[in-house]
Amino acid sequence: MEEAGCSKKVIQHVLAVEDVSLDIAKKILGNGHDVDLNLVSVGAIIHDIGRSKTHDVTHGVEGSNILKSIGLEKLVGFTERHIGSGIPAEEARKIGLPYRDFMPKTLEEKIVCYSDKLIHGGRRISYGEAMKEFEEKLGPNHPAKGRFRELHAEIEGLIGDSV
Numbered sequence: 094m095e096e097a098g099c100s101k102k103v104i105q106h107v108l109a110v111e112d113v114s115l116d117i118a119k120k121i122l123g124n125g126h127d128v129d130l131n132l133v134s135v136g137a138i139i140h141d142i143g144r145s146k147t148h149d150v151t152h153g154v155e156g157s158n159i160l161k162s163i164g165l166e167k168l169v170g171f172t173e174r175h176i177g178s179g180i181p182a183e184e185a186r187k188i189g190l191p192y193r194d195f196m197p198k199t200l201e202e203k204i205v206c207y208s209d210k211l212i213h214g215g216r217r218i219s220y221g222e223a224m225k226e227f228e229e230k231l232g233p234n235h236p237a238k239g240r241f242r243e244l245h246a247e248i249e250g251l252i253g254d255s256v
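Take any residue in the sequence shown, count from 1 to its spot, add 93: that is its number in the working numbering.
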């Protein structure tokens with residue numbers, strides 16, 4: 094991440110996301126579900142590599158370009174699909190992203206996407222606090238809130254308890 098040009102703040106953020114992601118992944122694994130802890134760790138660390146180029150919503154696409162350029166195509170889901178709580182194709186087009194689905198697909202991508210929302214300023218926040226941030230940034234009726242709510246319910250269901 095440092096070699097790619099990410100700031101210390103971004104690196105601290107991705108390490109905090111890795112910590113939360115592994116905590117959640119271990120709980121899911123302990124509840125009998127298959128999850129690749131190594132993939133969760135790597136995905137959490139590289140999910141914001143595109144922030145070495147930009148801090149706007151396109152950082153996910155920028156990150157996928159960086160990963161492709163160094164032969165890590167298999168990891169682009171983590172960079173492209175962590176924005177918001179995923180972004181469907183129609184919404185992506187409206188906000189200037191390529192017309193394609195940016196929804197997390199694998200369990201590992203969902204864990205990293207979810208965990209990313211639980212980090213604010215280098216510290217872990219609650220689901221409720223994260224939802225409040227969504228509302229403050231995007232407004233009370235933004236569809237990302239519903240996607241985050243669904244992702245939260247899915248993660249809690251896999252854990253078998255509250256996050």
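All residues carry an ideal CB built from backbone N, CA and C; glycine is no exception.
Cβ neighbours of residue i in the same chain (closer than 8 Å, five flanking residues each side left out)
i: S157; result: G143, V169, T172, E173
Inter-residue Cα distance where the pair is residue i and residue j
i: E166; j: I159; result: 9 Å
i: K161; j: G221; result: 35 Å
i: A182; j: K230; result: 21 Å
i: A246; j: G189; result: 29 Å
i: E249; j: V256; result: 6 Å
i: N131; j: G98; result: 23 Å
Own chain partners of residue i with C-beta closer than 7 Å, once the 5 adjacent residues on each side are dropped
i: I176; result: V150, G153, F195
i: S208; result: V110, V113, S114, I117, A137
i: K120; result: I252
The ligand SAM heavy atom lying under 7 Å from the CB of residue i
i: A118; result: The model depicted lacks the ligand SAM and carries no ligand whatsoever.
Close Cβ partners of residue i (< 6 Å) along its chain, the five nearest in sequence each way excluded
i: I180; result: F195
Beta-carbon spacing of residue i, residue j below 8 Å
i: V128; j: A118; result: yes
i: L211; j: N124; result: no
i: R240; j: S178; result: yes
For residue j and residue i, believed in contact at Cβ under 8 Å, the rounded distance
i: V133; j: E201; result: 5 Å
i: E184; j: P236; result: 7 Å
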